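In the working numbering, the protein residues as written are 2 to 127.
Shown next, in structure tokens, is the structure this report addresses.
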Amino acid sequence: FCSGVSVRLVFYHTFNMGRMHAPGKGISQSALPYRRTVPTWLKLTSDDVKDQIQKLAKKGLTPSQIGVILRDSHGVAQVRFVTGSKILRIMKAMGSAPDLREDLYYLIKKAVAIRKHLERNRKDKD
């Protein structure tokens, strides 16, 4: 009786996230540079970066949004390499850190959206 094997394969694919039509799970990921020094082409100083973080934090942006803007617009690959501390720690020192952690905020936001959807669509049980 071979059905046990197929059941195991089904569970294997449901619990271990991976490719749908191939056995691989993929191990590609972004890698930080080995050297933790400031690049020579970067003209911004630590104080300049901290000022930019303060301006963007006053606009109400989250630490990850600030990091994306600094990376894309100002050429700062890693704030930690330039300033010596992470964006959230800089924001906490300036007193502009958000009250709720960013990851927790987005989890709560998603839960609220799901509850709202289930209130409107009562027959949606799955």
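Virtual Cβ for every residue (Gly too), placed ideally from N, Cα, C.
The structure displayed is predicted, hence computed values, not measured ones.
query	result
Whole-angstrom distance between Leu119 and Thr46, CA atom to CA atom	50 Å
His14 burial status per 10 Å Cβ neighbour count (16 or more: buried)	The predicted position of His14 is uncertain, since its pLDDT is 42 and thus under 50; a value taken from the coordinates is nonetheless stated next. Counting Cβ neighbours within 10 Å, His14 comes out exposed, since fewer than 16 surround it.
Reference Pro1; option with closest CA among Phe82, Arg102, Ala23 and Tyr106	Missing from the structure shown is residue 1; the chain here goes from 2 to 127 and no further.
Three-state secondary structure (DSSP) of Leu108	helix
Which listed residue (Leu57, Leu101 and Lys117) has its alpha carbon closest to that of Ser74	Leu57
Per-residue DSSP class, three states only, for Gly76	coil
C-alpha gap between Gly76 and Ser65, whole angstroms	15 Å
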